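The structure under discussion appears below in the form of structure tokens.
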Amino acid sequence: MTAVKERLHRLGVEVPTILLPAPEVDLTKFAVIACDQHSAEPAYWDETEKQVGDAPSALRMILPEAWLQKDTAPKKETLWQTMETYCRDGVLRACPEGFLYLRRRTVSGVRRGLMMALDLEAYSYTPGEKTLIRATEQTVPDRLPPRAAIRRGASLEMPHVMVLIDDRDDRLMQQMEACVAGQPALYDFELMQGGGHLAGYGVQKPEDWALVADILEELLANSRDGLLFAVGDGNHSLAAAKLWWEEKKKNLSPKERETDPARYALVEVVNLYDPAMPFLPIHRLLYGVNPEDVQRELGFSAENPPSLQQLQPKLDAFLQKHPGAQIEYIHGKEECRALAFEAPDRLAILYDTFDRGSVFATVEQNGVFVRKSFSLGEACEKRYYLECRCIQA
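Residue numbers (this note's numbering): 5 to 397.
What follows is the structure, given as structure tokens:
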């Protein structure tokens with residue numbers, strides 16, 4: 005291991021080999037939004053299916069949550085086979101080893117990100133553990149095994165995980181801008197379904213990796229308790245990767261554990277203070293309820309709800325007590341309001357703001373937020389699947 009890679013390793017970072025679609029692939033059809041988006045809108049995914057048609061697409065390697073109840077939903081074995089086919093047939097091709105610097109134009113501006121692999125040995129989703137990489141939201145254990153089962157047989161990962169760094173001076177992304185200045189993009193295209201525009205640039209020089217290490221080392225030195233990376237989006241996805249790694253490493257030798265690709269997870273690192281990345285509260289939509297009865301029983305007003313840290317435990321208890329009631333977590337305020345108006349047995353619980361400055365302090369002091377507390381942007385601003393990495397040795 006080179007000196008710069010050793011420095012990065014101590015920071016929980018691995019320099020990945022990333023796979024991208026071949027030049028002849030239509031990237032607008034290949035890239036699709038994260039599978040946990042539009043879960044209450046199967047029509048969105050039906051339109052995605054229509055736009056993709058028979059073209060190679062990340063859609064063929066994921067299972068959208070909106071399709072979980074469909075009889076025609078693809079089986080995990082089909083997803084695995086597609087991954088292998090795309091690699092064998094050259095649909096996906098390996099880039100030179102390195103990070104990827106991203107520019108994502110959305111309705112909020114141009115968000116910058118850096119694709120890297122994080123060491124799952126340096127990550128924990130257990131509240132209170134003082135690891136370099138930590139979850140920001142409460143993990144629901146029952147949600148992990150189905151996700152881990154998909155990863156167990158997958159040859160590739162395509163992340164929708166976004167990880168935050170507390171870089172108030174924006175040093176890392178400004179440095180990456182300088183590193184790729186004048187360099188041609190590896191990809192530069194429009195995303196489907198109103199997702200905006202995405203461009204990616206290789207960061208493939210060891211001297212540039214050293215600059216990444218410099219800045220991350222300073223951020224770590226300035227942290228209160230050793231927290232360097234906080235998982236913003238995709239908490240359950242990364243937790244499932246951790247769960248599978250903990251299973252797999254039991255059958256590996258100490259030497260194999262050091263280099264096995266399943267030990268690492270590809271993510272997009274973003275700055276907590278990026279002005280083009282709004283922090284939005286995630287709204288609650290209750291189904292199968294009498295709206296007035298819910299508010300009376302739990303003692304709150306949906307028009308002026310208490311904090312999620314207070315309300316979510318009460319909602320959980322209510323759902324346990326009333327099996328016919330259901331909850332959806334909706335990322336857009338107008339979308340949530342519109343869904344509530346579709347039937348009289350629905351209640352929208354809407355929130356106005358979320359303080360991004362509280363993220364690292366809350367994780368350090370309290371461990372985690374309640375699940376689904378905040379969203380990094382509106383649904384259309386979420387990560388699209390494009391960049392891949394091999395996770396089988």
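Beta carbons are placed, not taken as given, at the ideal position from N, Cα and C, and that holds for glycine.
Model, not experiment: these values are computed from the prediction.
query	result
Between V36, L12, L24, which has its C-alpha nearest H201's C-alpha?	V36
DSSP three-state call for R350: helix, strand or coil?	coil
According to DSSP, is M196 part of a helix, a strand, or is it coil?	coil
For L220, I'd like the list of residues in its chain whose CB is within less than 6 Å of its CB, leaving aside the five on either flank, ordered along the chain.	L15
Touching or not, the stretch 285 to 301 and the stretch 331 to 351, by the rule of three or more beta carbon pairs under 8 Å?	yes
I'd like to confirm the pairing. Which residues does DSSP put opposite V235 in its beta bridges?	A139, V167
Excluding the 5 residues preceding and the 5 following Q208 in the sequence, name in chain order all residues of the same chain whose CB lies nearer than 6 Å to its CB.	P100, G102
DSSP on D123, reduced to helix/strand/coil?	strand
T316 to A306, Cα distance in whole Å?	At residue 316 the sequence reads Gln, which differs from the Thr that was named. In a straight line, the C-alpha of Q316 is about 13 Å away from that of A306.
Comparing C-alpha positions only, which one of Q197, E211, D30, L284 sits nearest to Q179?	E211
Would you identify the three-state DSSP class for R261, choosing helix, strand or coil?	helix
Just mark S257 as buried or exposed, buried being the case when its beta carbon has 16 or more other beta carbons within 10 Å.	exposed
Pop quiz: V144 and R375 are said to be a contact at Cβ under 8 Å. What is the actual Cβ separation, rounded to whole angstroms?	6 Å
Please state whether DSSP places T110 in a helix, a strand or coil.	strand
Should the stretch 295 to 305 be regarded as contacting the stretch 244 to 259, the criterion being three or more beta carbon pairs within less than 8 Å?	no
Can you give me the start and stop residues for the alpha helix (DSSP H) that I154 sits inside?	148 to 156
Does DSSP put Q330 in a helix, in a strand, or in coil?	strand
Within this structure, are the beta carbons of V363 and Q142 separated by less than 8 Å?	no
Secondary structure at C394, three-state DSSP: helix, strand or coil?	strand
How would you call M5, buried or exposed, if buried means at least 16 neighbouring beta carbons within 10 angstroms?	exposed
Exposed or buried, which one is T263 when buried takes at least 16 other CB atoms within 10 Å?	exposed
Going by DSSP in three states, G204 sits in which element: helix, strand or coil?	strand
Do V273 and V167 come within 8 Å of each other at the CB atom, strictly closer than that value?	yes
DSSP on A363, reduced to helix/strand/coil?	One detail in the question is off: residue 363 reads as Val in this sequence, not Ala. Of the three classes helix, strand and coil, the one that applies to V363 here is helix, per DSSP.
Please work out which residues of its chain come closer than 8 Å, Cβ to Cβ, to E28, disregarding the five sequence neighbours upstream and downstream, and give them in chain order.	none
Could you say if the stretch 72 to 82 and the stretch 183 to 200 meet the contact criterion of at least three C-beta pairs nearer than 8 Å?	no
Quick test of the definition: if touching needs 3 or more C-beta pairs under 8 Å, does the stretch 340 to 349 touch the stretch 383 to 392?	no
Tell me, to the nearest whole angstrom, how far the beta carbon of I22 is from that of C392; I am working on the premise that it is less than 8 Å.	7 Å
Would you decide whether S311 is buried or exposed? Buried here means 16 or more other CB atoms lie within 10 Å of its CB.	exposed
Assign A158 to one of two classes, buried (16 or more other C-beta atoms within 10 Å of its C-beta) or exposed (fewer than that).	buried
Would you mind working out which of G236, R360, D170 sits nearest N226, comparing C-alpha positions?	D170
For Y291, write down the residues that DSSP places opposite it in a beta bridge.	Q330
Could you name the residues that DSSP lists as bridge partners for I22?	I22 pairs with nothing; no bridge assigned.
In three-state terms, what does DSSP make of N308?	coil
Just the C-alpha distance for T32 and L96, rounded to the nearest angstrom, thanks.	15 Å
Nearest by alpha-carbon distance to L24: which of A203, T357, Q85, V235 is it?	A203
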